[in-house]
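K.L.:
Using the working numbering, the first residue of the sequence shown is number 48, and each one after it goes up by one.
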Amino acid sequence: MEPAKRWYDDACGTALAMELVGERWSLLIVRELMFGPRRFGELKASLGGISANVLTQRLEGLERAHIVKRERLAPPANVQVYGLTPWGCEAEEPIKALGAWAARSPDHNPMLPLSAASMMLSLRTMIDTAAAGSVPAMAIGFQFGPESFVARLVDGALPIVRGTAAVDAHFATTPRIMANLTYGKWPIAEAEAVGDLVFTGDRDLAARFLDLFRLPAKAEVE
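Below you can see the structure in the form of structure tokens.
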């Protein structure tokens, strides 16, 4: 592979981070792959506004940077997918920290569209870990169109994986409505009443789960 281009004559790790994922869409591609490999078409569908040509370029750049790797799923699927390398997966913590910091901006608009992966990563970012430690273990399922996730709350930790499993509560809705339920504290029953949500499972447990998440306070700016 060709060596990555250099933008800055600077040994700082922050400068190198910008060279690795600073091009438009690159960091969001990493975000979308955080919960497992995806097909090219799935990535394009989750990143509204990106062209096929730009997505191809960014994936190639992330491959050269050793952040993304191409894989082929085993039969019967036998299709090419893109996934994060082990080092690429380590980007989760800085992405979460950057997202939490940016959410404090007065310009942050939480009503803009968001992808399924973005919604799931926000849960891992905004959870109140201190409060979560006193909540009983539970499994929560999410269905956003063709995408399914399972979050398991155990001792304050919240690992999330793609797929389905037996869960204590299950939300079938859109990422936007899920954000309203989680951060806008829209009651589950109201979302059901207007047809924006299909909920099954333990309502009390689900309510305790949703109460663990808050957006950070806005920064004071002059």
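Positions of the beta carbon are idealized from the N, C-alpha and C atoms, including for glycine. Predicted, not measured: the structure shown is a model, and the values here were computed from it.
1) Please name the residue, chosen from Leu-74, Val-128, Pro-122 and Leu-94, that lies closest to Gly-108 on a Cα-to-Cα basis.
2) Apart from the five residues on each side of it in sequence, which residues of its chain come closer than 7 Å, Cβ to Cβ, to His-113?
3) Pull up the distance between the alpha-carbon of Thr-211 and that of Val-197, whole angstroms please.
4) Can you have a look at Glu-194 and say buried or exposed, based on whether 16 or more other CB atoms are within 10 angstroms of its CB?
5) I'd like to check one pair, Arg-53 with Glu-66: are the Cβ atoms closer than 8 Å?
6) Which of helix, strand or coil does DSSP assign to Arg-41?
7) Which residue spans inside the stretch 65-99 form an unbroken alpha helix (DSSP H) run of at least 4?
8) Determine whether the beta carbon atoms of Phe-256 and Met-225 lie at a separation below 8 Å.
9) What does a CB cutoff of less than 7 Å around Pro-263 pick up in its chain, not counting 5 residues either side in sequence?
10) Is it right to say Val-268 is buried, meaning 16 or more other beta carbons lie within 10 angstroms of its own, or is it exposed?
P.N.:
Taking the structure as given:
1) Ranked by Cα distance from Gly-108, the options Leu-74, Val-128, Pro-122 and Leu-94 are led by Leu-74.
2) Thr-132 and Trp-134
3) 6 Å
4) buried
5) yes
6) The shown model of the chain, from 48 to 269, leaves out residue 41, and the question about it has no answer.
7) 73-79 and 87-93
8) no
9) Ala-147, Ala-150 and Arg-151
10) Burial call: exposed.
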